[in-house]
Each structure stands twice: as structure tokens, then as C-alpha cells.
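Asker: Numbering (this note's numbering), first residue to last: 193 to 664.
Structure in C-alpha cells, see below.
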């Protein structure tokens, strides 16, 4: 028979469990989570199971690109889904119109405009296209040849190489590691910055002479790796792609979806990209850096030629695409449902499957949080964005916030990722019931930055997951 003290202790514990479960059940009703007491633990714990959602998530570093802001004539939302990244290409002459005078103010304005649209910026610096390399540089005795649409410079000229490095260094010092930059395209060589001589019709021999020798190709590639440390990089197939990828860069394709735009016997999707991906170094690039595709032509061209859109999109997923640049051109309405479904699969997509924690704790004690996550996308994230927790009162006052030890860049798709954190409660926290929220923050750890594929998102982009009872 239990004595009076034992009965009192048991009754007190049951009351505590009932209070916390009532709070969690109330939360579950709002967020479609299921909670239960885990009696197998030495202490009373609760496990919650957030509800997965299938909505398109408009997260940074994935989805559709806003191509030069739609060249200032963006399609309507009915014609083109919302974009989360702006992709720009600028000629060297635009970025350094006078020697040593870099157009940082110009780029900063683009960044501000992108942020106002909820976008981060990706960019390429070009040495050949329209204005191309600046005249003040070419006048220093740099050989060049006129090509279709621009001037092709002598990339092997020592003076050109010297200033080329200065350009990359200056913009790297300004923007490397910036939370406003999603990725940088290693593209300051060749026609349109695409490491080729496709614009050299009729002057092929001169272009071949001016095209950088292999050692200079490696130098240029290395400058990006050095000066843009901390920023994801991508590079077009060709040039020194394997060298770049082996040192942490991703890859991009500039004619994704081509199943016959240039003729019936050759296309990019079957004859250009698969041979590149036969190299295991390049095939695995997506695990460390982004894969970015630019559509060949526009999707209307695909539709008019009766291309198999399902096959094209399946290839994109197979190749682990994160960003698709559809050139801000209207998507055929018949294909819009397929594109929207595609956007629920590309890039990263994090689902919190469950979280377990103690039903109650005390001020100054540690709260142990064990959670299981799954990345149901096709790629990881490529930035150091922290997972965070917080406790919040019913009046929305945040009384504590912590960073998780989770390393989200390692969350590859196809596996569950277990996270165990022990967070210290403030000594001065008052008794009461507190909402436990989670979020993925930006790299400054100041604000939520990434939506999760679970229900219940608050207007501030935090997700209420459970309730914790604090008792003294």
C-alpha cells in the first residue's frame, strides 16, 4: 500500500502530465500534430509529429530564377511562378568603367531591389558580350578580335590576366560570404562568359589563339575559388569544370531541355550533359555545391516542338537541380501544373518528422531535444543557415532562443537525420507553459529564412512544435 507521501507525489506528477498534454493537444488541433507520453523514458517526455505539407516552398537557393528581373518586363504570376533568386550577367566594362573604379553602388542597388522582391542574387561577370572588356584595358595593348555581338580579348596577355585577377579579387572582397549572394557563376572567359568560342564564326583561328591556355584557365578558375571563399560557385561544362568541382564548385547547364532545337541528330540532353556526368567527380558535385540549369530557348519553344516535358523535368531531378532559370518567359498554361509539382521537388525540402522532449523542466536546467528530420528534395542547402529553437509565452514574448548543433549542409536527400541538442534554460525564467518553436535562420542568425514542409507556420516564419512546462 502506498503511503500518503507517495500518493501525493504520483498525483502531482499526473497533474503535471495532464497539463502539458492538454497544451500539446491544443497545439495539435491547430497544427495537425499528434502527441503522446513516452512512458518508456525515465522522465516524462512527449513526442510530437508535425504534419507534412505538399505546397511549393519559396526558399532561397532553390526554385525559379528571376532573369535580370524579367528584363524589366516580368510575366504575371499566372504565367510564371514566384522566384526566389535573381540571376544577372554583367560585362566587365559595366563593373569597372574606369580603371580601379568598381561599380559597387550599381550592384548594391540590384541587391536591394532583389531583397525587396524576396530574392537573393546570383551573378556572372563577362569579358565578351556587347561592351565586354573595358576600352581602357584594351587600349593597354591587349589583342582582340571582333566577333558576333562583341570583342573577344587575348586572355593570355599578361596585362589582361593581371587586371582580370584584380576584378575578381575586388568583387570577391566586396561580396564573398554575403548573405545577399546565393551563388557566383565562374564565367569570365569566352563567348558570353560560357567558356567557348561559339561567337567566333569566321575568326575561329584568332579566337583559338586568344582563348586561355590550360594553365591560364586554371589560374582564372582558382581566383574565383580563392576570392569568393564562402560563396557557392557554379561553372558551365567545359573549361576547367572538373578542376573547379574537385575544389568545391557546382555546375550549370545553359541549354537544359534541348531535345532537338538545333537539329534532329544532336541535342544537349542526350549528347552534351550525360558524357560530362560520366565523370564521378562531376556527378557528385551536387553534394557540395549547386546545380543550376538555364532553359534552352524558352519553354514555349519546347511546347511548340512537342518536347516531352515530363522527361525533361525528370532529368532535372535526376541531376539534382536546385535552381532553374526559365528566363522569366511565360510558361505554357498546359504545363503549369507540372512545373508547380516540379517546384515541390527541386532543391532542398526539410520535413520535421518528430521531436521528443521532457514535458516539464526547471529554470537553469537543460532541456534535451531529440528530433528526426528528412530532406525530401533532391539536393542539400549550400549555405551555413542555422537551425534554431525558442520558447515563447502566450503573449508572444520570446524568453529564450538557442542555435542547434545540426549541420544542415550535410542533410542529403534520401535519409533521416537525427538531431540531439541540450539547451540551457535561463535562471530567471518564470513558471508557466511555453510554446516551443523551431526555425531555420539566415546566416546572421537574426531572422527565419527557410520555410519547412510542415504545417503551422506563423507570420514570423517560426513553427510552433510543442509546449514545455516550467516549474520551480
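Glycine included, C-beta positions come from ideal geometry on N, C-alpha and C.
Only counting runs of 4 or more residues, tell me where the alpha helix (DSSP H) segments fall wholly within the region 227-299, in order along the chain.
Answerer: Listed in chain order, they are 260-263 and 284-287.
Asker: Using only CA atoms, which one of 406, 299 and 659 lies nearest to residue 553?
Answerer: Residue mapping note: residue 553 aligns to position 361 of the chain shown, counting from 1. Nearest of 406, 299 and 659 to residue 553, Cα basis: 659.
Asker: For residue 542 and residue 644, I'd like the C-alpha separation in whole angstroms.
Answerer: Along the chain shown, one-based indexing puts residue 542 at 350. Along the chain shown, one-based indexing puts residue 644 at 452. Cα-Cα distance, rounded: 5 Å.
Asker: At which residues does the beta strand (DSSP E) containing residue 340 begin and terminate?
Answerer: Numbered from its first residue, the chain shown carries residue 340 at position 148. Neither: residue 340 is in no beta strand (DSSP E) and is coded neither H nor E.
Asker: Per DSSP, which one or two residues make a beta bridge with residue 444?
Answerer: Residue numbering aside, residue 444 sits at position 252 when the chain shown is read from its first letter. BP columns for residue 444 point to 428 and 484.
Asker: Check residue 496 in the structure and name its three-state DSSP category.
Answerer: Here residue 496 corresponds to residue number 304 of the chain shown, with the count starting at 1. Residue 496 falls in the helix class under three-state DSSP.
Asker: Give the range of the alpha helix (DSSP H) segment to which residue 352 is assigned.
Answerer: For the purposes of this step, residue 352 is identified with residue 160 of the chain shown, where counting begins at 1. Unbroken alpha helix (DSSP H) run through residue 352: 350-367.
Asker: Can you check the region 366-390 for any alpha helix (DSSP H) of at least 4 residues that lies completely inside it and give the ranges in chain order?
Answerer: Counting whole runs of 4 or more residues, the region 366-390 contains no alpha helix (DSSP H) stretch at all.
Asker: Give a yes or no on whether the C-beta atoms belonging to residue 449 and residue 461 are separated by under 9 Å.
Answerer: Against the chain shown, residue 449 aligns to sequence position 257. Against the chain shown, residue 461 aligns to sequence position 269. Yes; because the gap between Cβ atoms is below 9 Å, this pair is in contact.
Asker: Here's a check: name, in chain order, each residue in its chain whose Cβ is nearer than 6 Å to the Cβ of residue 235, leaving out the five neighbours to either side.
Answerer: Working through the chain shown from its first residue, we reach residue 235 at position 43. Excluding sequence neighbours, residue 235 sits near 550.
Asker: Excluding the five sequence neighbours on either side, which residues of its own chain have a C-beta within less than 6 Å of the C-beta of residue 399, listed in chain order?
Answerer: The residue you call residue 399 lines up with position 207 of the chain shown. Once the five neighbours on either side are set aside, the close Cβ partners of residue 399 are 344, 389 and 392.
Asker: Less than 9 Å between the C-beta atoms of residue 514 and residue 495, yes or no?
Answerer: Position 322 of the chain shown holds residue 514. Position 303 of the chain shown holds residue 495. The answer is no: Cβ separation not under 9 Å.
Asker: Does DSSP put residue 636 in a helix, in a strand, or in coil?
Answerer: Within the chain shown, numbered from 1, the residue matching residue 636 stands at position 444. DSSP places residue 636 in coil when its eight states are reduced to three.
Asker: Taking the alpha-carbon positions, what's the residue 304 to residue 296 distance?
Answerer: Looking up residue 304 in the chain shown gives position 112. Looking up residue 296 in the chain shown gives position 104. Approximately 12 Å, taken between the alpha carbons.
Asker: Pick helix, strand or coil for residue 459, following the three-state DSSP scheme.
Answerer: Counting from one through the chain shown, the residue named residue 459 turns up at place 267. Reduced to three states, the DSSP call for residue 459 is coil.
Asker: Let me check understanding here. Comparing Cα to Cα, which of 587, 615, 582 and 608 lies closest to residue 597?
Answerer: Start at 1 with the first residue of the chain shown, and residue 597 comes out as number 405. Here the closest residue by C-alpha is 615.
Asker: Between the C-alpha atoms of residue 254 and residue 663, what's the straight-line distance to the nearest angstrom?
Answerer: The count along the chain shown starts at 1 and reaches residue 254 at position 62. The count along the chain shown starts at 1 and reaches residue 663 at position 471. Distance between the alpha carbons of residue 254 and residue 663: 43 Å.
Asker: In terms of alpha-carbon separation, which member of 299, 465 and 555 lies closest to residue 430?
Answerer: As a working note, residue 430 is residue 238 in the chain shown. Answer by Cα proximity: 465.
Asker: Should residue 315 and residue 279 be called a contact, given that it needs their Cβ atoms to be closer than 9 Å?
Answerer: Your numbering for residue 315 matches position 123 in the chain shown. Your numbering for residue 279 matches position 87 in the chain shown. The answer is yes: Cβ separation under 9 Å.
Asker: Within the chosen definition, does the region 273-288 reach the region 359-376 through at least 3 CB pairs nearer than 8 Å?
Answerer: Flag = yes, the region 273-288 and the region 359-376 touch.
Asker: Pull up the distance between the alpha-carbon of residue 594 and that of residue 403, whole angstroms please.
Answerer: As a first step, residue 594 must be located in the chain shown, where it is residue number 402. As a first step, residue 403 must be located in the chain shown, where it is residue number 211. In a straight line, the C-alpha of residue 594 is about 52 Å away from that of residue 403.
Asker: Can you tell me which of the three DSSP states residue 410 falls into?
Answerer: Taking the chain shown and counting its residues from 1, one reaches residue 410 at position 218. Residue 410 falls in the helix class under three-state DSSP.
Asker: Going residue by residue through the region 509-590, where are the continuous beta strand (DSSP E) segments of at least 3 residues, counting only ones entirely within it?
Answerer: Listed in chain order, they are 515-517, 542-550, 558-567 and 579-584.
Asker: Apart from the five residues on each side of it in sequence, which residues of its chain come closer than 6 Å, Cβ to Cβ, to residue 291?
Answerer: Translated into positions along the chain shown, residue 291 becomes position 99. Within the same chain, residue 291 has close Cβ partners 328.
Asker: According to DSSP, is residue 593 helix, strand or coil?
Answerer: By one-based count along the chain shown, residue 593 stands at place 401. DSSP places residue 593 in strand when its eight states are reduced to three.
Asker: Considering just the uninterrupted stretch of the alpha helix (DSSP H) at residue 474, what are its terminal residues?
Answerer: Here residue 474 is taken as the residue at index 282 of the chain shown, counted from 1. Looking at the DSSP string, the run of the alpha helix (DSSP H) that includes residue 474 is 472-475.
Asker: How about residue 592 and residue 632: do their beta carbons lie closer than 9 Å?
Answerer: The count along the chain shown starts at 1 and reaches residue 592 at position 400. The count along the chain shown starts at 1 and reaches residue 632 at position 440. No, they are not a contact pair.
Asker: Okay, do the region 559-578 and the region 242-258 touch, 3+ Cβ pairs below 8 Å being the bar?
Answerer: Yes: the two stretches touch, three or more of their Cβ pairs being nearer than 8 Å.
Asker: Over the uninterrupted alpha helix (DSSP H) stretch that includes residue 438, give me the two end residues.
Answerer: For the purposes of this step, residue 438 is identified with residue 246 of the chain shown, where counting begins at 1. Taken as a continuous stretch (DSSP letters only), the alpha helix (DSSP H) holding residue 438 covers 433-438.
Asker: Less than 9 Å between the beta carbons of residue 536 and residue 313, yes or no?
Answerer: Mapped onto the chain shown, residue 536 falls at position 344. Mapped onto the chain shown, residue 313 falls at position 121. Not closer than 9 Å, so no.
Asker: Spell out a yes or no on whether the region 623-631 and the region 517-530 are touching, meaning 3 or more CB-CB pairs, one atom from each, closer than 8 Å.
Answerer: Counting Cβ pairs under 8 Å, fewer than three are found: no touch.
Asker: Three-state secondary structure (DSSP) at residue 303?
Answerer: Here residue 303 corresponds to residue number 111 of the chain shown, with the count starting at 1. Reduced to three states, the DSSP call for residue 303 is helix.
Asker: Considering just the uninterrupted stretch of the beta strand (DSSP E) at residue 466, what are its terminal residues?
Answerer: For the purposes of this step, residue 466 is taken as residue 274 along the chain shown, with counting starting at 1. No beta strand (DSSP E) holds residue 466; the alpha helix (DSSP H) holding it covers 465-469.
Asker: Identify, in the order they occur along the chain, each residue of the same chain with its Cβ nearer than 6 Å to the Cβ of residue 233, setting aside the five sequence neighbours on each side.
Answerer: Walking along the chain shown from the start, residue 233 turns up at place 41. Interpretation of residue 233 is limited by its pLDDT of 44, a score under 50 that renders its predicted location unreliable; the figure taken from the coordinates is listed afterwards. Here the set comprises nothing.
Asker: By alpha-carbon positions, which one of 319, 558 and 528 ends up nearest to residue 341?
Answerer: Within the chain shown, numbered from 1, the residue matching residue 341 stands at position 149. Ranking 319, 558 and 528 by Cα distance to residue 341 puts 319 first.
Asker: Would you mind sorting residue 608 into buried or exposed? The rule is 16 or more other CB atoms within 10 Å of its CB.
Answerer: Residue 608 sits at position 416 when you count from the first residue of the chain shown. Label assigned to residue 608: exposed.
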